[in-house]
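**Q** Residue numbers (this note's numbering): 156 to 237.
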Amino acid sequence: MAKKTPEVDVSKHILVPKHIKLNDKEKASLLEKYKITLEELPRIFIDDPAVANLELTTDDVILVKRPSETAGITDFYRRVVK
């Protein structure tokens, strides 16, 4: 079954923060920096509309850059699950 492409790209909406897929080197660096395992990261579902335009597989890591009134831009990380 082919992956369904959404009619509207919600990632372009002003209220949806920027989502970036990390490569393997960046993912390993993140896990080592915080001394955590992949399973300890918060999850995001592979079919979440915010990441529908990224080519994702299970256990990829997503960097979410959220605007904050007090901290400027904050980085959050999510592990992709089914």
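The beta carbon of each residue, even a glycine, is placed where N, CA and C say it ideally should be.
Spell out a yes or no on whether the region 221-231 and the region 176-185 are touching, meaning 3 or more CB-CB pairs, one atom from each, closer than 8 angstroms.
**A** Too few Cβ pairs lie closer than 8 angstroms, so no.
**Q** Relative to the C-alpha of V171, which residue among A207, V235, K188 is closest?
**A** Here the closest residue by C-alpha is A207.
**Q** Do L211 and I201 have their CB atoms nearer than 7 angstroms?
**A** Yes, the pair counts as a contact, with Cβ atoms nearer than the cut-off.
**Q** Which residues does DSSP list as the beta-bridge partners of T229?
**A** According to DSSP, T229 bridges with R221.
**Q** To the nearest angstrom, report how far apart V216 and S184 are at their CA atoms.
**A** Those two C-alpha atoms are separated by around 12 angstroms.
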